[in-house]
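*Asks:* Attaching a single structure in C-alpha cells format; questions to follow.
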C-alpha cells in the first residue's frame, strides 16, 4: 500500500486534490486501519477549506494510531483555530461497527467537494496546511 500513498503525496504536492483524494480513499477503504491514509484525507479536506471535516478525520486517525504525529499536530492546530474563533471543535463520529468494515462515506468524504482550481507552480504554492502551521516555502 506504500505506492498509492506515495502517489497521493505527489499529487498533493502538485495541487491535484481529486487525484490525491481518490488514492487516499482507495487505501483507507482497503485498509481501514491505515491512519496515514485518513490523515491524507484530512489534509485534502483542509486544503479545500473544510476545517471541521478535516478535524474529524484527524481525530479518527488518532483513534486508529494515537502516536501518529501528523494527526496529533492537525488536531492540536485545528483545535487552536476553533478556540481562537470562539467555536467548539466538532465531535468525532462513532467508529464503524466492525473493524473489518470499510469506513463510511460520511466519515471519510467532505460534505460537498469543492472544484479543484488549476494548480499553480508547485514551488510557489503554499498549502492550507502550510499556512495553518505557519510554514513558509
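Numbering (my numbering), first residue to last: 23 to 159. Every residue gets a Cβ at the ideal spot worked out from N, C-alpha and C, and that includes glycine.
Quick one: grab the DSSP three-state call for residue 111.
*Replies:* Counting from one through the chain shown, the residue named residue 111 turns up at place 89. Note: residue 111 maps to coil in three-state DSSP.
*Asks:* Leaving out the 5 sequence neighbours to the left and right, which residues in its chain are closer than 6 Å to residue 104 when beta-carbon positions are compared?
*Replies:* Taking the chain shown and counting its residues from 1, the one referred to as residue 104 is at position 82. Same-chain partners within the cutoff: 111.
*Asks:* Using DSSP with H/G/I as helix, E/B as strand and the rest coil, what is residue 121?
*Replies:* Translated into the one-based positions of the chain shown, residue 121 becomes position 99. Residue placement at residue 121 is poorly supported in this model, since its pLDDT is 42, which falls under 50; the coordinates still yield a value, given next. The answer is coil: DSSP assigns residue 121 none of H, G, I, E or B.
*Asks:* Residue 39: buried (16+ other C-beta within 10 angstroms of its C-beta) or exposed?
*Replies:* Taking the first residue of the chain shown as position 1, residue 39 is located at position 17. Buried, by the Cβ-count rule.
*Asks:* With 16 other CB atoms within 10 Å as the buried threshold, where does residue 191 fall?
*Replies:* For residue 191 there is no data in the structure shown, the boundaries of the chain being 23 and 159.
*Asks:* May I ask you to report which of helix, strand or coil DSSP gives residue 104?
*Replies:* Walking along the chain shown from the start, residue 104 turns up at place 82. In the structure shown, residue 104 sits in a helix (DSSP, three-state: H, G or I).
*Asks:* Taking buried to mean at least 16 other C-beta atoms within 10 Å of its own C-beta, is residue 43 buried or exposed?
*Replies:* Mapped onto the chain shown, residue 43 falls at position 21. By the 10 Å Cβ count, residue 43 comes out buried.
*Asks:* Which runs of the alpha helix (DSSP H) spanning at least 4 residues fall entirely within the region 36 to 104, listed in chain order?
*Replies:* Counting whole runs of 4 or more residues, the region 36 to 104 contains the alpha helix (DSSP H) stretches 39 to 52, 57 to 69, 73 to 86.
*Asks:* Relative to the C-alpha of residue 86, which candidate in 72, 96, 60 has its C-alpha closest?
*Replies:* The residue labelled residue 86 in the question sits at position 64 within the chain shown. Among 72, 96, 60, the Cα nearest to that of residue 86 is on 60.
*Asks:* Taking C-alpha atoms, which residue in 70, 24, 62, 23 lies nearest to residue 92?
*Replies:* Locating residue 92 in the chain shown gives position 70, where the first residue counts as 1. Ranking the options by Cα distance to residue 92, first place goes to 62.
*Asks:* Measure the CB-CB distance between residue 79 and residue 64 and report whether it falls below 7 Å.
*Replies:* Taking the chain shown and counting its residues from 1, the one referred to as residue 79 is at position 57. Taking the chain shown and counting its residues from 1, the one referred to as residue 64 is at position 42. Yes, Cβ-Cβ distance for residue 79 and residue 64 is below 7 Å.
*Asks:* Please return the same chain residues whose Cβ sits closer than 7 Å to the Cβ of residue 67, not counting the five positions on each side in sequence.
*Replies:* The count along the chain shown starts at 1 and reaches residue 67 at position 45. Taken in chain order, the residues that qualify are 75, 76, 79, 132.
*Asks:* Can you tell which of 37, 32, 27 has its C-alpha closest to the C-alpha of residue 47?
*Replies:* For the purposes of this step, residue 47 is taken as residue 25 along the chain shown, with counting starting at 1. Per the Cα distances, 27.
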